[in-house]
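So my numbering is basically just the index in the first sequence, starting at one, shifted up by 319. We treat Cβ as the ideally placed atom computed from N, Cα and C, and that holds for glycine. I have placed the structure first, in the form of structure tokens, so that the comments after it can refer back to it.
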Amino acid sequence: MTTNQTKEIPTKYEPGATEAKWYPYWLEGGFFNAHRDSSKTPFTIVIPPPNVTGNLHIGHALNNTLQDILTRAKRMQGFDALWLPGMDHAGIATQARVEGMLKQEGISRYDLGREKFVEKVWEWKGKYADIIRQQWAKMGLSLDYSRERFTLDEGLSRAVREVFVRLYEKGLIYRGKYIINWDPATRTALSDIEVEYKEVKGALYHLRYPLKDGSGYIEVATTRPETMLGDTAVAVHPEDDRFKHLVGKMVVLPITGREIPIIADDYVEKEFGSGAVKITPAHDPNDFEMGLRHNLEQFLVMDETGKMNDNAGIYQGLDRFDCRKKIVKDLQDQGICFKIEEHIHQVGHSERSGAVVEPYLSTQWFVKMGPLAEEAIKKQRGENKVQFVPDRFEKIYLHWIENIRDWCISRQLWWGHRIPAWYCESCGEMSVARVDITACPKCGSEKLKQDSDVLDTWFSSALWPFSTLGWPDETEDLKHFYPTDVLVTGYDIIFFWVARMIFTALEFTEQNPFKNVLITGLVRDAEGRKMSKSLGNGVDPMEVIEQYGADAMRFMLATGNTPGNDQRFRWERVEAARNFANKIWNASRFVLMNLEGFSAQDLDMSGELGTTDKWILTRLNDTIADVTRLLDSFEFGEAGRSLYNFIWDDLCDWYIEMAKPHLYGDNPEAKKLTQSVLCHVLDQTLRLLHPFMPFITEEIWQHLPQTKTGTSILVADWPQVNVANQYPESIKQMGLLMDVIRTVRNIRAEMNVPLGKKIELMIKPDQEESFRLLEQGEEYIRRFCNPEKLMISLELEIPEKVVSAVVTGAEIYLPLAGLIDIDKEISRLEKEAAQLEAEVERVNKKLSNQGFVAKAPSKVVEEEKAKGLDYQEKLEKVRARMVELRG
RNA sequence: GGACGAUUAGCUCAGUUGGUUAGAGCGCUACGUUGACAUCGUAGAGGUCGGCGGUUCGAAUCCGUCAUCGUCCACCA
């Protein structure tokens, strides 16, 4: 688009070419890079690193759009804005994807071996990292690629080691044999939050365990009868009179014939079931605890794939669920299982594989959470807490951290940070070290074996806000940009990520990793369902961009709703945003088309501004103030709406229309002034809109006469409220003009004046001020109301036999001339009168209320009085017209 | 069993210290080729703000309660 070629500018905005043009321009100009400028206040956001498992989805698009809006706005506002990109190796997810890919080739990871397999995953990572970067570019994200990081890169791996070693040395990481959540499908341990509990219709199996002395039996119940093979006790409540005499006796465990004791423990609830519980320390977390209290044996009866092991005797090799069926049948045959009830209960499933999680006794690494959580709670209850937006999520965070349990951080995977622990095969010593070691520090033996497990992915993600800036080194970036300002993420990973970043940062950097956490909701499908691969209802952001443009998608996502709430994806809304882009395009096209012979030197608003000029400048000031304030409080929707209304309603519908008489008129001074105002307002508006719609705003902005070459709107100054351009009275004056124009239109429409027939309107202003304004506005009114068919004159005398309309400040008369329907006009006036009467009544009632007059703020009361007078005046005029018409 | 969220026009959603006649977009109706835009313009219809109670001069907004939907948390065998 150039000024002297405007006739050829298409009337439709074509996003494709524009977007392809500007992203490379921004990159090459280095506009996205933060310069660690000590004269500026830093503003930092680290991107939630997407998993390298595949393409970005519409949730990423929402989340990234909001971060980009914040970053672009702050950059323009003069902050040293850094938005740091990066990706997550996503251990279990990525490994599963690569294994799936290999499976199609008929090979397993075991066929390849650890080293070869990890190589394959790096290949995969390289491919998807490229795709993700392309997608970021398509969305227009202003990321500082010079600082891009990956959770498995060298620096971050060093940070992971450092954290691991320090926590270990502090006694906050330990290794031990505990009950953990085991995923038999992926054959790895999981942390508590990687387990999803789903309601499942199962069964409660009632069993009779015979007492050894033959004096009878004790009843127990279980939902997992196959675990009975690992029972090492039966427990009852110590105060339970029914069982007091049995405590200490032995029971013969059916099938195995093993003798196990009856013990007493508070944990048992007397009221539930039979009051007696079978205890399986190796397959249930509570039983495990109880086992420790009573020194019970731990009998593991399954292997890592969920099959029964050699402790299961004749059931060895059976899958746990097949074993359940078989063992139930056998127990029924023996009369041991005497009752099966339907039982609905919560069953844990692996968040990744979907497999039923098995509580499983296993040697794993843990983070001791007590001291870390305590610090985090203390901090959050103090002065410098993390501000959650919306703040209700703080409660969710606090509740979780207050009830946290130790974090199982080891995973039996190959893709990830390998645990830096070595076991000496000679002396048995375990060594934990920052760097790889080749000899046992204790005995000097070189027969060392590194722990084969890797760390939970979230262990490295937890360090993200500071590891990406160079920690553990005291880098300049770390000093300047840390702590970060805002973290933008979904509520689904508050526990997985946000909480862990906070306590980790407090431990290692002694401050919160970010000041604000902006929580976004989910983007759901049009029916409100969660988008999922299995439903096939996902929306690909690239497809949205392809069809409607990145700016439209961004605007739609950002204004879709308020943060923290889910939003539904509707194509109609993208279309509406696209139409908005088109509206901006055409309004700008109009401005540029009318700039012939106008250059930057001509830009001058010091002349005599008209009411409409003052009005649009005042409205611009309002919009600048609103958008700035709303973005600061993360109210993207309101900020977007404010801009939308300003551009569409004020600028396009009114100001541009009213600018036409000047632009087409023969007064060069007036024309130049109008051109100046248009250029100024457009420039400022584009800047305000730029964070939302970066591409189209850059494209247009580059064509404004005042824009200097070689720069970018991206680094243009953020608009400031200009007090010199504040004309409060213009709002009211413009109101009169708008009222008159609307009313004239209405009269024409409602009275159904035949087309082509010229009618004469007379407008009688109330006061001189109104007269002048309307005189000035005559041209506008004609233009707005079809000049071919309308004649307007301002009159100070009331002509005879007229119909009229009333606006505040003026009356509008139309000679009858036999061309209008008097009955219709009377009914219109009746309607108007009725409305006014209702208003007058409402106001009077309010004003006669002693309580209101006495207690409401005087400003409110005054406003109400003024309103009452206004309504009353209009009502009287309307009534007078009705009388006149009837008579 | 706890906690939280949602409930406003046919649909999707705003409405931030309680204060004009509760708004927008889409959809709908009627009209419109007016020198930026039919991805448009003008006019219009459409809501007792989920129910009930309370506080207040005044409630979509604050409090209580109920209902429906949704989400999260919780070791009951």
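Taking DSSP as the reference, what is the three-state secondary structure of residue i?
i: residue 394; result: helix
i: residue 801; result: coil
i: residue 482; result: helix
i: residue 334; result: helix
i: residue 729; result: strand
i: residue 452; result: helix
i: residue 383; result: helix
i: residue 527; result: strand
i: residue 351; result: coil
i: residue 457; result: helix
i: residue 506; result: coil
i: residue 361; result: strand
i: residue 406; result: strand
Is the beta carbon of residue j closer than 8 Å to that of residue i?
i: residue 696; j: residue 721; result: yes
i: residue 503; j: residue 631; result: no
i: residue 684; j: residue 755; result: no
i: residue 790; j: residue 440; result: no
i: residue 402; j: residue 384; result: no
i: residue 541; j: residue 489; result: no
i: residue 530; j: residue 570; result: yes
i: residue 907; j: residue 1001; result: yes
i: residue 308; j: residue 527; result: Coverage of the chain is limited to positions 320 through 1206, which leaves residue 308 absent and any answer about it impossible.
i: residue 928; j: residue 998; result: no
i: residue 359; j: residue 387; result: no
i: residue 919; j: residue 1038; result: no
i: residue 506; j: residue 624; result: yes
i: residue 806; j: residue 842; result: no
i: residue 670; j: residue 513; result: yes
i: residue 617; j: residue 516; result: no
i: residue 646; j: residue 522; result: no
i: residue 1014; j: residue 338; result: yes
i: residue 370; j: residue 413; result: yes
Just the Cα atoms here: how many angstroms apart are residue i and residue j?
i: residue 1031; j: residue 442; result: 37 Å
i: residue 554; j: residue 485; result: 41 Å
i: residue 332; j: residue 1094; result: 38 Å
i: residue 1044; j: residue 925; result: 11 Å
i: residue 727; j: residue 774; result: 9 Å
i: residue 1019; j: residue 1005; result: 8 Å
i: residue 574; j: residue 445; result: 54 Å
i: residue 425; j: residue 879; result: 45 Å
i: residue 329; j: residue 984; result: 26 Å
i: residue 408; j: residue 851; result: 21 Å
i: residue 482; j: residue 686; result: 11 Å
i: residue 699; j: residue 705; result: 7 Å
i: residue 900; j: residue 1162; result: 42 Å
i: residue 496; j: residue 478; result: 27 Å
i: residue 1010; j: residue 392; result: 6 Å
Let's test the definition: count the other Cβ atoms within 10 Å of the Cβ of residue i and tell me whether it reaches 16, buried, or not, exposed.
i: residue 912; result: exposed
i: residue 890; result: exposed
i: residue 1176; result: exposed
i: residue 642; result: buried
i: residue 428; result: buried
i: residue 1040; result: exposed
i: residue 640; result: exposed
i: residue 710; result: exposed
i: residue 939; result: buried
i: residue 761; result: exposed
i: residue 1074; result: Reliability of the predicted coordinates at residue 1074 is poor, the pLDDT of 47 falling under 50, and the value obtained from them is presented with this limitation in mind. Exposed is the call here.
i: residue 827; result: buried
Entirely within the region 1009-1084 and at least 3 residues each: give me those beta strand (DSSP E) ranges in chain order. List check, beta strand (DSSP E) in window: 1078-1084.
Which runs of the beta strand (DSSP E) spanning at least 3 residues fall entirely within the region 831-858, listed in chain order? 833-839
List, from N- to C-terminal side, the beta strand (DSSP E) runs of 3 residues or more that fit wholly inside the region 729-809. 740-743, 749-751, 767-769, 803-809
Which residue spans inside the region 530-587 form an unbroken beta strand (DSSP E) run of at least 3? 536-541, 552-555, 569-571, 578-583
Complete beta strand (DSSP E) runs within the region 609-689 (minimum length 3 residues, chain order): 656-669, 677-686
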